[in-house]
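Peer 1: Here the sequence shown stands for residues 60 to 481, where the numbers follow the numbering used here.
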Amino acid sequence: MSHQTIVIGAGLAGLSAAYELVRAGFDVQVFEARPRVGGRAHTVQLNAGQYGELGAEFVDDNHTALITYATELGIQLDPACKFPDDLYWFIDGMLHNRMSLTEEQSSALDNLYAKLQSLLEEQKDPQQTLDEWLNVQPIAPFARRIARWLASSLFATDPELIGIGFFAYLAGIGNRGCNMRIRGGVSRLADALAKHLGNRIHTRTPVRCIQQIDDTVSVSVETPSGLVEVVAHSVIVTLPWSVLRHISIEAPLIDAQREAISSLAYGGVVKTLLQYPHRFWSKPNFGIVLLEGEYQAIWEPTFAQMGTEKILSCFSGGTRSLKLCEQAGDLALAAVHTVYPNAPKIIASRSHDWSADEWARGAYCYFRPGDLHRFDPHLTPPAGRIFFAGEHTAPVEYRGYMEGAIRSGQRAVQQILNLLSV
Ligand SMILES: Cc1cc2nc3c(=O)[nH]c(=O)nc-3n(C[C@H](O)[C@H](O)[C@H](O)COP(=O)(O)OP(=O)(O)OC[C@H]3O[C@@H](n4cnc5c(N)ncnc54)[C@H](O)[C@@H]3O)c2cc1C
Numbered sequence: 060m061s062h063q064t065i066v067i068g069a070g071l072a073g074l075s076a077a078y079e080l081v082r083a084g085f086d087v088q089v090f091e092a093r094p095r096v097g098g099r100a101h102t103v104q105l106n107a108g109q110y111g112e113l114g115a116e117f118v119d120d121n122h123t124a125l126i127t128y129a130t131e132l133g134i135q136l137d138p139a140c141k142f143p144d145d146l147y148w149f150i151d152g153m154l155h156n157r158m159s160l161t162e163e164q165s166s167a168l169d170n171l172y173a174k175l176q177s178l179l180e181e182q183k184d185p186q187q188t189l190d191e192w193l194n195v196q197p198i199a200p201f202a203r204r205i206a207r208w209l210a211s212s213l214f215a216t217d218p219e220l221i222g223i224g225f226f227a228y229l230a231g232i233g234n235r236g237c238n239m240r241i242r243g244g245v246s247r248l249a250d251a252l253a254k255h256l257g258n259r260i261h262t263r264t265p266v267r268c269i270q271q272i273d274d275t276v277s278v279s280v281e282t283p284s285g286l287v288e289v290v291a292h293s294v295i296v297t298l299p300w301s302v303l304r305h306i307s308i309e310a311p312l313i314d315a316q317r318e319a320i321s322s323l324a325y326g327g328v329v330k331t332l333l334q335y336p337h338r339f340w341s342k343p344n345f346g347i348v349l350l351e352g353e354y355q356a357i358w359e360p361t362f363a364q365m366g367t368e369k370i371l372s373c374f375s376g377g378t379r380s381l382k383l384c385e386q387a388g389d390l391a392l393a394a395v396h397t398v399y400p401n402a403p404k405i406i407a408s409r410s411h412d413w414s415a416d417e418w419a420r421g422a423y424c425y426f427r428p429g430d431l432h433r434f435d436p437h438l439t440p441p442a443g444r445i446f447f448a449g450e451h452t453a454p455v456e457y458r459g460y461m462e463g464a465i466r467s468g469q470r471a472v473q474q475i476l477n478l479l480s481v
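(1) For Trp418, I'd like the list of residues in its chain whose CB is within less than 7 Å of its CB, leaving aside the five on either flank, ordered along the chain.
(2) Tell me whether Ile67, by its Cβ, gets closer than 6 Å to a heavy atom of ligand 1.
(3) Whole-angstrom Cβ separation of Ala215 and Tyr423, contact assumed at under 8 Å?
(4) Where does Ile272 land, buried or exposed, given buried means 16+ other C-beta within 10 angstroms?
(5) Look at the alpha carbon of Ser293 and the alpha carbon of Tyr128, and state the distance between them as a whole number of angstroms.
(6) Tell me whether His122 is buried or exposed, calling it buried when 16 or more other Cβ atoms sit within 10 Å of its Cβ.
(7) DSSP on Asn238, reduced to helix/strand/coil?
(8) Give a single yes or no on whether Pro299 has its beta carbon closer than 6 Å to a heavy atom of ligand 1.
(9) Within 8 Å, do at least three Cβ pairs link the stretch 61-74 to the stretch 366-376?
(10) Can you name, in chain order, every residue of its own chain whose Cβ lies under 6 Å from the Cβ of Gly463, other than the five neighbours on each side?
(11) Quick one: is Cys384 buried, meaning 16 or more other Cβ sit within 10 Å of its Cβ, or exposed?
(12) With distances taken between CB atoms, is the gap from Ala253 to Phe339 smaller than 7 Å?
(13) Determine which residues share a DSSP beta bridge with Val87 and list them.
(14) Tell me which same chain residues have a C-beta within less than 7 Å of the C-beta of Ser246, skipping the five on either side of it?
(15) Do the CB positions of Ser410 and Gly388 come within less than 7 Å of each other?
(16) Keeping to the same chain, check which residues put their C-beta closer than 6 Å to that of Leu279; ignore five residues upstream and five downstream.
(17) Taking the beta strand (DSSP E) that Ser380 belongs to, which residues open and close that run?
(18) Any heavy atom of ligand 1 closer than 6 Å to the beta-carbon of Phe426?
(19) Contact between the stretch 390-398 and the stretch 181-189 is defined here as three or more beta-carbon pairs at a separation below 8 Å; is this criterion met?
(20) May I ask you to report which of helix, strand or coil DSSP gives Met153?
(21) Mapping the DSSP letters down to three states, classify Ala77 as helix, strand or coil.
(22) Going along the chain, which residues of its own chain have a beta-carbon closer than 6 Å to the beta-carbon of Gln176, five neighbours each way excluded?
(23) Return yes when at least one heavy atom of ligand 1 lies under 6 Å from the C-beta of Trp358, else no.
(24) Quick check for students: name the residue ranges of the beta strand (DSSP E) that lie wholly in the stretch 257-290, counting only runs of 3 or more.
(25) Over the uninterrupted beta strand (DSSP E) stretch that includes Trp300, give me the two end residues.
(26) Is Pro436 near ligand 1 - that is, is its Cβ less than 6 Å away from at least one heavy atom of it?
(27) Does DSSP classify Leu438 as helix, strand or coil?
(28) When you compare the CB positions of Tyr78 and Ile221, do they come within less than 7 Å of one another, or not?
(29) Tell me, please, whether the stretch 237-246 touches the stretch 130-143 by the rule of three or more beta-carbon pairs shorter than 8 Å.
(30) When you measure from the CB of Ala415 to every non-hydrogen atom of ligand 1, does any distance come out below 6 Å?
(31) In whole angstroms, give me the CA-to-CA distance for Phe434 and Gln316.
(32) Do you know offhand how far Arg470's Cα is from Asn194's?
(33) With hydrogens ignored, establish whether the beta-carbon of Glu91 is closer than 6 Å to any heavy atom of ligand 1.
(34) With C-beta atoms as the reference, is Gly8 less than 7 Å away from Leu431?
(35) Can you check whether the CB of Gln104 is closer than 7 Å to the CB of Thr361?
(36) Counting C-beta neighbours from all protein chains within 10 Å, is the total for Ala173 16 or more, i.e. buried, or is it exposed?
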């Protein structure tokens, strides 16, 4: 009998794990709560055949695991932004990028990145938030402002919450060259992986309980006819821990693992897509515009799409995103108007609040002061026959990315193969 494995969650971590397990000849079943696969990778169609992303969107050029899958599955990537040229800050009513900053502002930013780089090299995780660190460092006000801004627009949290040890990974991001988008949308990648898995995937089937009994694992899934027990030799759990902490796990988890599952922090994001009848900004690909307010970033996802209609993606991160509620659409319009006062009326819009999503309960993980060192040893070890994957369990530089989800799924499969070869 071949080794039976259950994968919980059909986001990119679960799909990659299942894809690799099938390649290795395993008997796999995937249980997914939503009616669709992809999880936090979710493309939606708007008018005129155009699409936007409510969740993940950009692929960095060092995201090699994702790029390899895309190539294997015949999925194209389109160029999106080049850094630093395409990153703009809306400051005092004007758009600035690295080239238009004063010498003083530029050296303030260089100083910030250099300090973050040395923190990264020291591999420390001080008991300090970004806010506390900025208050004691000789960093110019301009660079402080940008750093605070990046906490919400990139890490989806607040400077008063994120640990400086984790924020320092920004230094690496600051050096990145360019990013890309998946042609047709990120859901194409999830759908292509799912196609290989066929009827091994069970959607609308939430897992309610995980239990290890001797050398087998039993998973209780909710079906239209009630709870059903499914038994396997091993389980890969890919749920965000913000969700997993609400599910009963009876398994040899050590206290530190239970502590990490119950308290790993997740940032909040509301993403709003606004579709306009035409492009009203001057530069065709205006890159990413960072602004202060309820929404902290705006960009155009339709740059490489056909049609005169154009979409703007508006990103609100951190605790501010938690307060938008039904006003999300109006506040996104107001944010666009701040930068482009002559914006015409929209023709369509879509919005998603990831903190209010019961199968995500947050956008992606971040680490509070000291948590990086406290939780890191407990993110990837299996608990008996239960293996963990998901972006939060990826190597730190890939956490919060599709790349992290894919790598974590592949790593969990390798852990099972290692167990079986002993
Ligand atoms: C707004 C936003 C913007 C982002 N932007 C980017 C970006 O530009 N680039 C990038 O690379 N990444 C980005 N990310 C991050 C990226 O989306 C994630 O890192 C990645 O998709 C996570 O994949 P995962 O498989 O780990 O988790 P998920 O995609 O969350 O998969 C977990 C799955 O488990 C399912 N599930 C939950 N509970 C249960 C249950 N009880 N039973 C069964 N199934 C369950 C969920 O429905 C979900 O499908 C963004 C994320 C968000 C939210």
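Using N, Cα and C, we set each Cβ at its ideal position, and we do this for glycine too.
Peer 2: According to the structure data:
(1) For the purposes of this step, residue 418 is identified with residue 359 of the sequence shown, where counting begins at 1. Cβ neighbours of Trp418 beyond the five flanking positions: Ala92, Arg93 and Val302.
(2) Position 8 of the sequence shown, counting from 1, holds the residue named residue 67. Yes; taking the cut-off as 6 Å, the Cβ of Ile67 has a heavy atom of ligand 1 nearer than that.
(3) Reading the sequence shown from its first residue, position 156 is the one you call residue 215. Reading the sequence shown from its first residue, position 364 is the one you call residue 423. In this structure, Ala215 and Tyr423 form a Cβ contact; the two beta carbons are roughly 6 Å apart against a cut-off of 8 Å.
(4) For this step, residue 272 is matched to residue 213 along the sequence shown. When all chains shown are included, Ile272 counts as exposed.
(5) Position 234 of the sequence shown, counting from 1, holds the residue named residue 293. Position 69 of the sequence shown, counting from 1, holds the residue named residue 128. Going by the C-alpha atoms only, they are around 25 Å apart.
(6) Here residue 122 is taken as the residue at index 63 of the sequence shown, counted from 1. It counts as buried.
(7) The sequence position of residue 238 within the sequence shown is 179, counting from 1. In the structure shown, Asn238 falls within a strand segment according to DSSP collapsed to helix, strand and coil.
(8) Mapped onto the sequence shown, residue 299 falls at position 240. At least one heavy atom of ligand 1 is nearer than 6 Å to the Cβ of Pro299, so yes.
(9) No contact exists between the stretch 366-376 and the stretch 61-74.
(10) Here residue 463 is taken as the residue at index 404 of the sequence shown, counted from 1. Contacts found: Glu450, Ala453 and Tyr457.
(11) Working through the sequence shown from its first residue, we reach residue 384 at position 325. Exposed is the call here.
(12) The count along the sequence shown starts at 1 and reaches residue 253 at position 194. The count along the sequence shown starts at 1 and reaches residue 339 at position 280. It is not a contact, given that the beta carbons lie outside the stated cut-off.
(13) Start at 1 with the first residue of the sequence shown, and residue 87 comes out as number 28. According to DSSP, Val87 bridges with Thr64.
(14) Position 187 of the sequence shown, counting from 1, holds the residue named residue 246. Excluding positions up to five away in sequence, the list reads Gly97, Ala100, His101 and Thr102.
(15) Here residue 410 is taken as the residue at index 351 of the sequence shown, counted from 1. Here residue 388 is taken as the residue at index 329 of the sequence shown, counted from 1. Their beta carbons are under 7 Å apart, which means Ser410 touches Gly388 by this criterion.
(16) Taking the first residue of the sequence shown as position 1, residue 279 is located at position 220. As written in the sequence, residue 279 is Ser, which differs from the Leu given in the question. Arg267, Cys268, Leu286 and Glu288.
(17) For the purposes of this step, residue 380 is taken as residue 321 along the sequence shown, with counting starting at 1. Annotation: Ser380 is outside any beta strand (DSSP E); the continuous alpha helix (DSSP H) that includes it extends over Thr378 to Leu381.
(18) Working through the sequence shown from its first residue, we reach residue 426 at position 367. Answer for Phe426: no, Cβ out of range of ligand 1.
(19) Counting Cβ pairs under 8 Å, fewer than three are found: no touch.
(20) Indexing the sequence shown from 1 puts residue 153 at position 94. In the structure shown, Met153 sits in a strand (DSSP, three-state: E or B).
(21) Numbered from 1 along the sequence shown, position 18 holds the residue referred to as residue 77. The answer is helix: DSSP assigns Ala77 an H, G or I state.
(22) Your numbering for residue 176 matches position 117 in the sequence shown. By the criterion of a C-beta distance shorter than 6 Å, Gln176 is surrounded in its chain by Ala230, once the five residues flanking it on both sides are discounted.
(23) On the sequence shown, position 299 is the one that residue 358 refers to. No.
(24) 266-272 and 275-282
(25) Position 241 of the sequence shown holds residue 300. Counting along the chain, Trp300 falls outside any beta strand (DSSP E), though it belongs to the alpha helix (DSSP H) covering Trp300 to Leu303.
(26) On the sequence shown, position 377 is the one that residue 436 refers to. Checking the Cβ of Pro436 against ligand 1 gives no.
(27) Position 379 of the sequence shown, counted from the start, is the residue given in the question as residue 438. Three-state result, Leu438: coil.
(28) Taking the first residue of the sequence shown as 1, we reach residue 78 at position 19. Taking the first residue of the sequence shown as 1, we reach residue 221 at position 162. No, these two residues do not count as a Cβ contact at 7 Å.
(29) Taking 8 Å as the limit for Cβ pairs, the verdict is that the stretch 130-143 does touch the stretch 237-246.
(30) Along the sequence shown, one-based indexing puts residue 415 at 356. No; taking the cut-off as 6 Å, the Cβ of Ala415 has no heavy atom of ligand 1 nearer than that.
(31) What you label residue 434 is simply residue 375 of the sequence shown in a count that begins at 1. What you label residue 316 is simply residue 257 of the sequence shown in a count that begins at 1. Taking the straight line from one Cα to the other gives about 8 Å.
(32) Counting from one through the sequence shown, the residue named residue 470 turns up at place 411. Counting from one through the sequence shown, the residue named residue 194 turns up at place 135. Near 39 Å, if we compare the C-alpha coordinates of Asn194 and Arg470.
(33) Here the question's residue 91 lines up with position 32 in the sequence shown. True, at least one ligand heavy atom lies under 6 Å from that Cβ.
(34) Summary: the structure shown does not reach residue 8, with the chain confined to residues 60 through 481, and so no result is reported for it.
(35) Your numbering for residue 361 matches position 302 in the sequence shown. Your numbering for residue 104 matches position 45 in the sequence shown. In this structure, Thr361 keeps its C-beta atom at 7 Å or more from the C-beta atom of Gln104.
(36) One-based indexing of the sequence shown puts residue 173 at position 114. Label assigned to Ala173: exposed.
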